[in-house]
Amino acid sequence: MSIEKLSGKVFLLITGASQGIGRQIAETFSTLVGDGSHVLLLARNATGLKETVDKLRTDLKVDYASVDLSIATPQELKIFFLDIIKTSFGKANPADFQLAVIIHNAGSVGDVSKSTIDMTDIDYWRKYYDLNVFSPAILNGVFLELLNEKTNVEKLVINITSLCGIQEMKTLGYYCSGKAAREMFFKVFAAENPQINVLNYSPGPVETDMLRTICREAGDLEIKTSFNEMRDKNGVLSTEQTVNHLVEVLKAKKYKSGAHVDYFDEL
Ligand SMILES: NC(=O)c1ccc[n+]([C@@H]2O[C@H](COP(=O)([O-])OP(=O)(O)OC[C@H]3O[C@@H](n4cnc5c(N)ncnc54)[C@H](OP(=O)(O)O)[C@@H]3O)[C@@H](O)[C@H]2O)c1
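Read in order, the letters of the sequence shown correspond to residues -18 to 248 in our numbering.
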């Protein structure tokens, strides 16, 4: 996919768009897409979603839906996603779009106070994986199924991953294992679908609620200190910096589909 396609008529779906990196992705990408493009934003907080919508270009068709991606069963999620996506397409035919983009950004860091030996609550595990691993996999399938027969629509799939998906960090067992599983799912997806542009983008340390939670609550003192020192020494990125870099990565397109590309990697 060439980045020029982003300036065509695009259908753009972003999860976790009520704040943080997801909101910034919506803001930045909405400046790039062409006339007639359509944006669909998902997260729980309807007020946050509305605030994001208010920051976007007014000439775009923008929909948002409040959804808790951690609570539904896979079956319910599938029906729900199909419903939202179909409603959002409205009368438009998916084949009218030149490019369909789905950005799996929503996520949570989980309980960062516990070491792995204490992570024995199966209900907590299930809920964590429902949000962070299962829901992106199912949403991805539903989205692609809807577009599948329209083979002329190019597709770009971005999974917002993390350094924690490839590097262990003490007391971040939920987060590290969830990010690793989610990233590997999208690598397999990329291998199976060479015609689709798939990117696992690791945004670096970014000043958001998630990072603040780790700084405040990490159970391991070494991890807690290193995150806080990074923040104190201005080693943390703004959402704008990392999303601008994501756009540069897409423009340069030097990555192999499915690859893990980090903010600090050379372009
Ligand atoms: N910040 C960093 O340093 C950093 C580093 C590497 C990777 N990342 C990744 O970047 C992505 C965005 O994180 P962020 O830093 O922007 O954190 P954030 O500010 O906490 O945003 C998380 C987003 O996920 C949504 N979300 C959380 N739980 C949800 C649920 N149950 N159902 C639906 N949506 C839910 C939130 O919306 P609602 O609360 O409205 O539902 C919010 O929009 C995550 O995948 C994260 O792992 C972040």
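Yeah, the Cβ is synthetic: ideal placement off N, Cα and C, and Gly gets one too.
Handout entry: Backbone CA spacing between L162 and M150 [nearest angstrom]
Key = As a first step, residue 162 is located in the sequence shown; it is residue number 181 there, counting from the start. As a first step, residue 150 is located in the sequence shown; it is residue number 169 there, counting from the start. Note that residue 162 corresponds to Ala in the displayed sequence, not to Leu. Rounded to whole angstroms, the gap between the alpha carbons of A162 and M150 is 15 Å.
Practice task
Tell me where the beta strand (DSSP E) around T(-4) begins and ends.
Solution key: Translated into the one-based positions of the sequence shown, residue -4 becomes position 15. Run containing T(-4): -9 to -4, per the beta strand (DSSP E) assignment.
Problem - Cβ-based neighbour list, S(-12), same chain, cut-off 8 Å, excluding 5 preceding and 5 following - result: If you number the sequence shown from 1, residue -12 lands on position 7. Within the same chain, Cβ atoms closer than 8 Å to the Cβ of S(-12) are found at L13, V14, G15, the five residues on either side in sequence being excluded.
Practice task
Work out the CA separation of L153 and I195 for me, nearest whole Å.
Solution key: What you label residue 195 is simply residue 214 of the sequence shown in a count that begins at 1. What you label residue 153 is simply residue 172 of the sequence shown in a count that begins at 1. Taking the Cα positions, I195 is about 9 Å away from L153.
Exercise for the section: Any chance you could list the beta strand (DSSP E) runs of at least 3 consecutive residues sitting entirely within the region 8 to 81, in chain order? Expected result: Secondary structure remark: continuous beta strand (DSSP E) runs of at least 3 residues inside the region 8 to 81, in chain order: 19 to 24, 42 to 47.
Practice task
Return yes when at least one heavy atom of ligand 1 lies under 7 Å from the C-beta of G3, else no.
Solution key: Here residue 3 corresponds to residue number 22 of the sequence shown, with the count starting at 1. For ligand 1, at least one heavy atom lies less than 7 Å from the Cβ of G3.
Handout entry: Enclosing beta strand (DSSP E) for S183 [first to last residue]
Key = On the sequence shown, residue 183 is found 202 positions in, with the first residue counted as 1. Per DSSP, S183 is one residue of the beta strand (DSSP E) stretching across 178 to 183.
Problem - N140, enclosing beta strand (DSSP E) - first and last residue - result: Here the question's residue 140 lines up with position 159 in the sequence shown. 135 to 141 is the span of the beta strand (DSSP E), which, as asked, contains N140.
Handout entry: Integer-rounded CB distance, given that S47 should sit under 8 Å from L30
Key = Translated into positions along the sequence shown, residue 30 becomes position 49. Translated into positions along the sequence shown, residue 47 becomes position 66. Rounded, the Cβ-Cβ distance is 7 Å, consistent with contact.
Handout entry: Neighbourhood of H8 by C-beta distance below 7 Å, restricted to the same chain and skipping five residues each side
Key = Within the sequence shown, the letter at position 27 stands for residue 8. The sequence shown places Glu at residue 8, rather than the His named in the question. Same-chain partners within the cutoff: K36, L37.
Practice task
Go ahead and pull the three-state DSSP assignment for D243.
Solution key: Stepping through the sequence shown from its first residue, residue 243 is reached at position 262. DSSP, read as helix, strand or coil, puts D243 in strand.
Handout entry: Member of R197, A171, N133 whose CA lies at the smallest distance from the CA of P75
Key = Looking up residue 75 in the sequence shown gives position 94. For the residues R197, A171, N133, the minimum Cα distance to P75 belongs to N133.
Problem - Closest residue to N174 among I204, K160, N121 (Cα-Cα distance) - result: Counted from its first residue, the sequence shown places residue 174 at position 193. Closest option to N174, judged by alpha-carbon separation, among I204, K160, N121: N121.
Problem - DSSP three-state assignment for I103, whether helix, strand or coil - result: The residue given as residue 103 occupies position 122 in the sequence shown. In the structure shown, I103 falls within a helical segment according to DSSP collapsed to helix, strand and coil.
Exercise for the section: Within 10 angstroms of the Cβ of D92, are there 16 or more other Cβ atoms? Answer buried if so, exposed if not. Expected result: For this step, residue 92 is matched to residue 111 along the sequence shown. Classification of D92: buried, given that the 10 Å Cβ count is 16 or more.
Exercise for the section: Could you check what DSSP says for I147 in three-state terms: helix, strand or coil? Expected result: Position 166 of the sequence shown holds residue 147. Note: I147 maps to coil in three-state DSSP.
Problem - Helix, strand or coil at L153 [DSSP, three-state] - result: To locate residue 153, count along the sequence shown from 1; it is residue 172. Reduced to three states, the DSSP call for L153 is coil.
Exercise for the section: With distances taken Cα to Cα, identify the nearest neighbour of M211 among N225, E188, T220. Expected result: Translated into positions along the sequence shown, residue 211 becomes position 230. With distances taken between Cα atoms, M211 lies closest to E188.
Practice task
Please report how far the alpha carbon of Y155 lies from the alpha carbon of V(-9), in whole angstroms.
Solution key: Translated into positions along the sequence shown, residue 155 becomes position 174. Translated into positions along the sequence shown, residue -9 becomes position 10. When the Cα atoms are used, Y155 and V(-9) turn out to be separated by approximately 34 Å.
Exercise for the section: Give a yes or no on contact between the region 221 to 229 and the region 102 to 122, applying the rule of three or more CB pairs nearer than 8 Å. Expected result: Output reads no: the region 102 to 122 does not touch the region 221 to 229.
Exercise for the section: Can you tell me which of the three DSSP states V187 falls into? Expected result: As a first step, residue 187 must be located in the sequence shown, where it is residue number 206. Three-state DSSP puts V187 in a strand.
Exercise for the section: Since I believe Y105 is in contact with G159 (beta carbons under 8 Å), could you give me their beta-carbon distance rounded to a whole number of angstroms? Expected result: Numbered from its first residue, the sequence shown carries residue 159 at position 178. Numbered from its first residue, the sequence shown carries residue 105 at position 124. At roughly 12 Å, the Cβ-Cβ gap does not stay under 8 Å, so G159 and Y105 are not in contact.
Exercise for the section: Could you check what DSSP says for L218 in three-state terms: helix, strand or coil? Expected result: Translated into positions along the sequence shown, residue 218 becomes position 237. For L218, the three-state secondary structure derived from DSSP is strand.
Exercise for the section: For D335, collect the residues of the same chain with a Cβ closer than 6 Å to its Cβ; drop the 5 residues on either side in sequence, then sort them by chain order. Expected result: Limits of the chain in this structure are -18 at one end and 248 at the other, which puts residue 335 out of reach.
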